[in-house]
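Q: Note that my numbering has the sequence shown beginning at 1, numbered continuously upward. Here a beta-carbon is modelled for each residue, glycine too, at the ideal position from N, C-alpha and C. Because the structure is a prediction, the values reported are computed rather than measured. Mind looking over this structure? Questions follow.
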Amino acid sequence: MGFVCVNRPYNNGPVTAYFNVAYSKAMGKRVMTSLYNFDPDALAYAYDNWIHLDHDQKFTSSGGISYAIDDASRIGANYLFGSGLRTDTDTVPNGAELPSYFQLNLSAGHDFALGAHPLHAQVAVLNVLDRAYQLRDGGGIGVFAPQWAPRRGVYLSLQQDF
1 MGFVCVNRPY
11 NNGPVTAYFN
21 VAYSKAMGKR
31 VMTSLYNFDP
41 DALAYAYDNW
51 IHLDHDQKFT
61 SSGGISYAID
71 DASRIGANYL
81 FGSGLRTDTD
91 TVPNGAELPS
101 YFQLNLSAGH
111 DFALGAHPLH
121 AQVAVLNVLD
131 RAYQLRDGGG
141 IGVFAPQWAP
151 RRGVYLSLQQ
161 DF
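Here it is, written out as structure tokens:
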């Protein structure tokens, strides 16, 4: 039904940063398609009442900061926050929220001078705090299976242009 989004980039010398925050309220009424997928009681409730959509999340935010150590090396951090997606209550489809979540990621990169074809190497650690959190629990109209966010992961990427 409505949303508000604020975005703020920052760039000053070796430091670049960004910040985003959004508020959303998405509601619907009277499911029109694929009715066979849903619980009859939930459909009856949604026929006469406004309900939150399955992807409605009241607050979301993301941000990051990066620091250029020199012309070839950079370190950075970014985060994701969500207030929690929708799930059912005993009587209201999509009437409750799952717990909020926060994910912190770190990265470091370096450009290696290899003649005409420099090599960019970067290591990234996603979900540094290794927080296990559920994005969806399988409950609610429009949600058919539980979904978990990824656990901590370490990734090495190499890029070379030819």
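Out of T33, F102, F144, Y45, state which residue places its alpha-carbon closest to the alpha-carbon of A163.
A: Limits of the chain in this structure are 1 at one end and 162 at the other, which puts residue 163 out of reach.
Q: Mind reading off the beta-carbon distance from I141 to D54? Whole number of angstroms is fine, and I expect it under 8 Å.
A: Contact flag correct, Cβ pair sits at about 6 Å.
Q: Is S61 closer than 9 Å to V15 when the C-beta atoms are compared?
A: No. Outside cutoff.
Q: Which same chain residues, not among the five before or five after L98, have their C-beta less than 8 Å away from its C-beta?
A: Excluding sequence neighbours, L98 sits near G84, L85, R86, T87, Q134, L135, R136, D137.
Q: Quick one: give me the first and last residue of the beta strand (DSSP E) that A72 is part of.
A: It is not in any beta strand (DSSP E) - A72 carries neither H nor E in the DSSP assignment.
Q: Assign L85 to one of three DSSP states: helix, strand, or coil.
A: If DSSP states are grouped into helix, strand and coil, L85 belongs with coil.
Q: Can you name, in chain order, every residue of its own chain whose Cβ lies under 6 Å from the Cβ of L80, other than the five neighbours on each side?
A: S62, Q103, listed in sequence order.
Q: Helix, strand or coil, according to DSSP, for A145 in the structure here?
A: The answer is coil: DSSP assigns A145 none of H, G, I, E or B.
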